[in-house]
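Here's the structure we're looking at; comments come further down.
There are 2 protein chains.
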Amino acid sequence: MSVSNDVVTMAHGSGGRAMQQMIERMFLAAFDNPWLNEREDGARISLADLSRQGDRLVFTTDSYVIDPIFFPGGNIGKLAVCGTANDLAVSGATPAYLSCGFILEEGFPLGDLQKIVTTMAQTAREAGIAIVTGDTKVVQRGAADKIFINTAGIGVIPTAVNWAAKSVQAGDKVIVSGTLGDHGAAILNLREQLGMDLGVQSDCAVLAPMIAPLRMLAGVHALRDATRGGVNAILHEFSDASGFGICIDENALPVKEAVRGICELLGLEPLNFANEGKLVVVVAPQAEDAVLKILHDHPLGTDAATIGEVTEHPQVCLRGALGVVRQLMLPHAEPLPRIC
Amino acid sequence: MSVSNDVVTMAHGSGGRAMQQMIERMFLAAFDNPWLNEREDGARISLADLSRQGDRLVFTTDSYVIDPIFFPGGNIGKLAVCGTANDLAVSGATPAYLSCGFILEEGFPLGDLQKIVTTMAQTAREAGIAIVTGDTKVVQRGAADKIFINTAGIGVIPTAVNWAAKSVQAGDKVIVSGTLGDHGAAILNLREQLGMDLGVQSDCAVLAPMIAPLRMLAGVHALRDATRGGVNAILHEFSDASGFGICIDENALPVKEAVRGICELLGLEPLNFANEGKLVVVVAPQAEDAVLKILHDHPLGTDAATIGEVTEHPQVCLRGALGVVRQLMLPHAEPLPRIC
Numbered sequence: 001m002s003v004s005n006d007v008v009t010m011a012h013g014s015g016g017r018a019m020q021q022m023i024e025r026m027f028l029a030a031f032d033n034p035w036l037n038e039r040e041d042g043a044r045i046s047l048a049d050l051s052r053q054g055d056r057l058v059f060t061t062d063s064y065v066i067d068p069i070f071f072p073g074g075n076i077g078k079l080a081v082c083g084t085a086n087d088l089a090v091s092g093a094t095p096a097y098l099s100c101g102f103i104l105e106e107g108f109p110l111g112d113l114q115k116i117v118t119t120m121a122q123t124a125r126e127a128g129i130a131i132v133t134g135d136t137k138v139v140q141r142g143a144a145d146k147i148f149i150n151t152a153g154i155g156v157i158p159t160a161v162n163w164a165a166k167s168v169q170a171g172d173k174v175i176v177s178g179t180l181g182d183h184g185a186a187i188l189n190l191r192e193q194l195g196m197d198l199g200v201q202s203d204c205a206v207l208a209p210m211i212a213p214l215r216m217l218a219g220v221h222a223l224r225d226a227t228r229g230g231v232n233a234i235l236h237e238f239s240d241a242s243g244f245g246i247c248i249d250e251n252a253l254p255v256k257e258a259v260r261g262i263c264e265l266l267g268l269e270p271l272n273f274a275n276e277g278k279l280v281v282v283v284a285p286q287a288e289d290a291v292l293k294i295l296h297d298h299p300l301g302t303d304a305a306t307i308g309e310v311t312e313h314p315q316v317c318l319r320g321a322l323g324v325v326r327q328l329m330l331p332h333a334e335p336l337p338r339i340c
Numbered sequence: 001m002s003v004s005n006d007v008v009t010m011a012h013g014s015g016g017r018a019m020q021q022m023i024e025r026m027f028l029a030a031f032d033n034p035w036l037n038e039r040e041d042g043a044r045i046s047l048a049d050l051s052r053q054g055d056r057l058v059f060t061t062d063s064y065v066i067d068p069i070f071f072p073g074g075n076i077g078k079l080a081v082c083g084t085a086n087d088l089a090v091s092g093a094t095p096a097y098l099s100c101g102f103i104l105e106e107g108f109p110l111g112d113l114q115k116i117v118t119t120m121a122q123t124a125r126e127a128g129i130a131i132v133t134g135d136t137k138v139v140q141r142g143a144a145d146k147i148f149i150n151t152a153g154i155g156v157i158p159t160a161v162n163w164a165a166k167s168v169q170a171g172d173k174v175i176v177s178g179t180l181g182d183h184g185a186a187i188l189n190l191r192e193q194l195g196m197d198l199g200v201q202s203d204c205a206v207l208a209p210m211i212a213p214l215r216m217l218a219g220v221h222a223l224r225d226a227t228r229g230g231v232n233a234i235l236h237e238f239s240d241a242s243g244f245g246i247c248i249d250e251n252a253l254p255v256k257e258a259v260r261g262i263c264e265l266l267g268l269e270p271l272n273f274a275n276e277g278k279l280v281v282v283v284a285p286q287a288e289d290a291v292l293k294i295l296h297d298h299p300l301g302t303d304a305a306t307i308g309e310v311t312e313h314p315q316v317c318l319r320g321a322l323g324v325v326r327q328l329m330l331p332h333a334e335p336l337p338r339i340c
């Protein structure tokens, strides 16, 4: 299998020799770990090992259909590892094991697949996550757009950690870990060929190392990573689950100048833009300073800021730059399809 | 959301209100269980509960891209539950929890989605499996073919069970649990509009209840369900993993007359045809009768038969109807794309 000029063929998804070869030479070589190397259909993981890390398993999944598949700051493979790892981490878990399902379009360049797989392997390795089981399907040309990836993930929550959207309390502070909308702006600029020299990259990153020390703190009530739907979607989730409201201060929102520019130009709202490496943390007021310090001490959290607080009145509101408060509705649809 | 005439729109995958409504009214309503109803991004599962069932977690995944999505004996949703549940069950585990990722094409009828989701919920409920976490993505018209589903699954293997392809031994008997190639023949007939009145349905079924009593027996060495690539692919997996060969007796293969007919007509081999509800079991000779009895006693195993045995010489062979032995190669590609 010479990777450079070759493309994915129907045979690569057939269960025959061509598929075996691709699995061995590309996936097993890149993801190399004892579970995968067992070559059983499922990975077998010691429950005793898991139980030493905590008392609850977390199980989550996401499919990734982003277009374009390569973008400043990452590619669909990096996103597929980071996104699912982050969903585990915001539950309080240590991300440990991922599954990986590829749906490939016939004719997709094997060289591009190799780049994506290599990035996945590297991202997983750096985050201490093992890709332990997988699946590959190939569909005819035109039946899928290049490549879709599903990852499911499992991790363990330490016994003392109990983060949940329903634990959000009136008076809590709402903190974001950095600038909003970088991923959405980078993809929009690339896809719509706006041609702006934004200098903005996707913020796609594994957040688990920044989240880990938060697990030692009392007063952390709930975490989310603000992906599709942006921070706004998360604020509504917190409000719906807790029965309280949230009031956000527009002046306090950390937004890069270039992202603010693209939003003003197109009449879009950074709060609705997707991120792939930004936390929303809701904390008791007495934990605010400690949380901000932990975030600021991490390279991914230098722009962390308190952006608002939880209110008794069950509505999500934005206090504008001039002090006028308006209700922040959840849009019917996000402005950008296939953002993740 | 009136389901009858409506279709999936980009808004259903946007993270906004339209997506929330679809998740609530369709997915949560159908899959209804305490983990999903927590409305957290990941399902939280007690490790103490898991540890009471055994000592090893099994984690596996498959994506389903079958075409057509509705077929005699099932639909893509039934397949997505059965396929992953069966991968867990053949490892010796009790299938317990599934994740579910939908990739939907814009314009896909919501009525069809409702049928698929209802079948998934029913299949899972009958098998005692909970669909505990999920994800929905929508891509533009033409960027995917109708619907793709990924399921990942977890289950627990009881401490005494140690099935593995590498445990296969020379002298072992090779047993299949029923007629071969029903799924492949049913899909081929439908898709290629051969218009044969085969009376053959897909054998798509959850095999866990038939497998469970096998876990009490000594002498069961390895199990697989023979899906994509057919029984032939499984024989090669067993041979590769164990270093032994396998010799199959053509006269002993249970194949429905109609399936044999379609194979002869098209020059295809039932051993290469996909199944979605058939086991291949490798057992020590002294366990053969007990295994056959357990299979015969289950409605899905009435046609179970010993089809061959494991040999010292590391080759997969077929003894033809006239006694001539020939090597059985793994084909480069399976004849039927998008069979699962």
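These protein sequence lines are chains P and X, in that order.
Per the working numbering, the first sequence runs over residues 1 to 340.
Per the working numbering, the second sequence runs over residues 1 to 340.
For every residue, glycine included, the Cβ atom is placed at its ideal position computed from N, Cα and C.
What you are looking at is a predicted structure, and each value in this text was computed from that prediction instead of being measured.
Span separating the alpha-carbon of residue i from that of residue j
{"i": "Val281 of chain X", "j": "Ser202 of chain P", "result": "49 Å"}
{"i": "Val81 of chain X", "j": "Cys204 of chain X", "result": "10 Å"}
{"i": "Gly101 of chain P", "j": "Gly134 of chain P", "result": "5 Å"}
{"i": "Val8 of chain X", "j": "Thr118 of chain X", "result": "17 Å"}
{"i": "Val174 of chain X", "j": "Ala186 of chain X", "result": "25 Å"}
{"i": "Thr94 of chain X", "j": "Leu207 of chain X", "result": "11 Å"}
{"i": "Ala127 of chain X", "j": "Lys256 of chain P", "result": "51 Å"}
{"i": "Ala130 of chain P", "j": "Gly142 of chain X", "result": "34 Å"}
{"i": "His183 of chain P", "j": "Asp67 of chain P", "result": "12 Å"}
{"i": "Gln122 of chain P", "j": "Gly267 of chain P", "result": "37 Å"}
{"i": "Glu276 of chain X", "j": "Ser167 of chain X", "result": "24 Å"}
{"i": "Asp32 of chain P", "j": "Thr61 of chain P", "result": "22 Å"}
Interface flag, residue i vs chain X, CB-CB below 7 Å
{"i": "Arg326 of chain P", "result": "no"}
{"i": "Phe70 of chain P", "result": "no"}
{"i": "Met216 of chain P", "result": "no"}
{"i": "Ile66 of chain P", "result": "no"}
{"i": "Phe27 of chain P", "result": "no"}
{"i": "Val7 of chain P", "result": "no"}
{"i": "Ser2 of chain P", "result": "Legend: pLDDT at Ser2 of chain P = 49, less than 50; position of this residue unreliable, value from coordinates given subsequently. It does not: the Cβ of Ser2 of chain P has no partner Cβ on chain X nearer than 7 Å."}
{"i": "Met10 of chain P", "result": "yes"}
{"i": "Pro299 of chain P", "result": "no"}
{"i": "Gly245 of chain P", "result": "no"}
{"i": "Ala144 of chain P", "result": "yes"}
{"i": "Gly267 of chain P", "result": "no"}
First through last residue of the alpha helix (DSSP H) which encompasses residue i
{"i": "Thr84 of chain P", "result": "Ile76 to Ala89"}
{"i": "Glu38 of chain X", "result": "Here Glu38 of chain X belongs to no alpha helix (DSSP H), and DSSP marks it neither H nor E."}
{"i": "Thr123 of chain X", "result": "Leu110 to Glu126"}
{"i": "Ile324 of chain P", "result": "Here residue 324 of chain P is Val; the residue named in the question, Ile, does not match the sequence. No alpha helix (DSSP H) holds Val324 of chain P; DSSP gives it neither H nor E."}
{"i": "Arg260 of chain P", "result": "Glu257 to Leu266"}
Host beta strand (DSSP E) of residue i (start-end)
{"i": "Pro95 of chain X", "result": "Thr94 to Glu105"}
{"i": "Asn150 of chain P", "result": "Ile147 to Ile157"}
{"i": "Gly134 of chain P", "result": "Ala130 to Val139"}
{"i": "Leu223 of chain P", "result": "Val220 to Asp225"}
Any C-beta of chain P under 7 Å from that of residue i
{"i": "Lys278 of chain X", "result": "no"}
{"i": "Thr60 of chain X", "result": "yes"}
{"i": "Ser202 of chain X", "result": "no"}
{"i": "Ser239 of chain X", "result": "no"}
{"i": "Ala152 of chain X", "result": "yes"}
Partners in chain P for residue i, counting only beta-carbon separations shorter than 7 Å
{"i": "Ala18 of chain X", "result": "His332 and Ala333"}
{"i": "Lys137 of chain X", "result": "Ser63 and Val65"}
Closest residue to residue i among the options (Cα-Cα distance)
{"i": "Leu188 of chain P", "options": "P:Asn37, P:Ala290, P:Lys173 and P:Pro270", "result": "P:Pro270"}
{"i": "Val176 of chain P", "options": "P:Phe31, P:Glu288 and P:Ala170", "result": "P:Glu288"}
{"i": "Val138 of chain P", "options": "X:Leu207, X:Leu266, X:Ser63 and X:His296", "result": "X:Ser63"}
{"i": "Ile116 of chain X", "options": "X:Ala30, X:Ser239, X:Glu309 and X:Thr306", "result": "X:Ala30"}
{"i": "Lys278 of chain P", "options": "P:Gly320, P:Leu110 and P:Gly230", "result": "P:Gly230"}
{"i": "Arg44 of chain X", "options": "P:Pro72, P:Leu328, P:Leu88 and P:Arg25", "result": "P:Leu88"}
{"i": "Thr306 of chain P", "options": "P:Gly171, P:Leu268 and P:Ala233", "result": "P:Gly171"}
{"i": "Ile339 of chain X", "options": "P:Gly320, P:Lys78 and P:Gln140", "result": "P:Gln140"}
{"i": "Pro72 of chain X", "options": "X:Gly320, X:Val200, X:Ala258 and X:Leu217", "result": "X:Val200"}
{"i": "Thr151 of chain P", "options": "P:Ala218, P:Ala85, P:Asp240 and P:Glu237", "result": "P:Ala85"}
Contacts of residue i in chain P (Cβ-Cβ under 9 Å)
{"i": "Ser242 of chain X", "result": "Correct list: empty, because the minimum Cβ distance to chain P is about 11 Å."}
{"i": "Glu126 of chain X", "result": "Here the premise fails: no neighbours, minimum Cβ distance about 21 Å."}
Amino acids of chain P, ordered along the chain, whose beta-carbon sits closer than 8 Å to that of residue i
{"i": "Thr94 of chain X", "result": "Ordered by position in chain P, no residue passes the 8 Å Cβ test against Thr94 of chain X, which lies about 13 Å from the chain."}
{"i": "Ile45 of chain X", "result": "Arg56, Leu57, Val58 and Phe59"}
{"i": "Pro337 of chain X", "result": "Met10, Gly13, Ser14, Val138, Val139 and Gln140"}
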